[in-house]
Amino acid sequence: MNLHSTLSKLFIKGLSIVLPIAVALYVMVWMIRSSEGAVKGILTTILPPGAYIPGMGLLTIIALVFVAGLLMYPWLTRKLFRTADKTLRKIPLFGNVYAPVKDLMGLVGGDMEKKLGRPVMVTVPNTNMETLGFVTREGTDGLPEGFLPDDHLVVYVQWSSQIGGYCFIVPKNSVRYLDISIEEGMRWSLTAGLSAPESQDT
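Be aware that the sequence shown starts at -4, since it is given in this note's numbering, and climbs by one per residue.
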């Protein structure tokens, strides 16, 4: 192995460690600065002159997020939030942006097992290939009659780019349930199979 090849491999390995950290830090700094700037104008208008201190905008947003989380516990508040959520989703244009972001945050911060369902391997018809997916519906509750056959279920196949995916209605006998967590399945999908799950059925 020549020197150029060795140096190239060392550089790539180092980049694979440094780049994710750098990108994460950049995004965090950008979010902090953006949130601070967005709230600063409101606080300087409300507070007495000279009372604003740098960082108050970020603290205000953090406090509001915690308050919103606390308000989700009482059943009445949850009902009000669900009503507001349904209303916002129906607003033209705004709902097209709001709904995907809201659903994504629900997957990240909520009950992922309940939101996505178990990871499965789905057999691709007329081939010997399988693809990783997540069961999103196994029953017909809430669906129009005949929409989902009793011997079928709904599987969501995530793109590696994480910006979309496919929703398939497949026979139950065409899926193989996996003994891995939702997080492991999503990581496997995101890295195109480079990240091996800790456990899997045989």
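Glycine is no exception: its CB is placed at the ideal position from the N, C-alpha and C atoms. Please read all numbers here as calculations on a predicted model, not as lab measurements.
Item, Value
"How is L(-2) classed by DSSP in three states: helix, strand or coil?", "helix"
"Could you check whether the stretch 137 to 146 touches the stretch 176 to 191, counting it as contact only if at least three pairs of C-beta atoms, one from each stretch, sit closer than 8 angstroms?", "no"
"DSSP state of T197, grouped into three classes?", "Confidence at T197 is low in this model, with a pLDDT of 41, below 50, so the placement of that residue is unreliable and no value is reported for it."
"For T1 and chain D, any beta-carbon pair shorter than 9 angstroms?", "Of the protein chains in this structure there is only one, and it is not chain D."
"Among T78, F6 and P166, which residue has its Cα nearest to the Cα of V119?", "P166"
"When the distance is taken between beta carbons, is E133 closer than 9 angstroms to R171?", "no"
"Have a look at R173 and I12 and give me their C-alpha separation to the nearest angstrom.", "A quick correction: the sequence has Leu, not Arg, at residue 173. Roughly 30 angstroms between the two C-alpha positions."
"Measure the alpha-carbon distance for V182 versus I7 and round it to whole angstroms.", "A small correction: the amino acid at residue 182 is Arg; Val does not occupy that position in the sequence shown. Between R182 and I7, the C-alpha separation is close to 21 angstroms."
"Return the chain-ordered list of same chain residues with a C-beta closer than 6 angstroms to the C-beta of T55, the five sequence neighbours on each side being excluded.", "V34"
"Between G9 and the rest of its own chain, which residues show a CB-CB distance below 6 angstroms, the 5 nearest in sequence each way excluded?", "none"
"Would you mind working out which of W154, A19, L75 and P87 sits nearest L127, comparing C-alpha positions?", "W154"
"How should G112 be labelled, buried or exposed, when 16 other C-beta atoms within 10 angstroms of its C-beta is the threshold for buried?", "buried"
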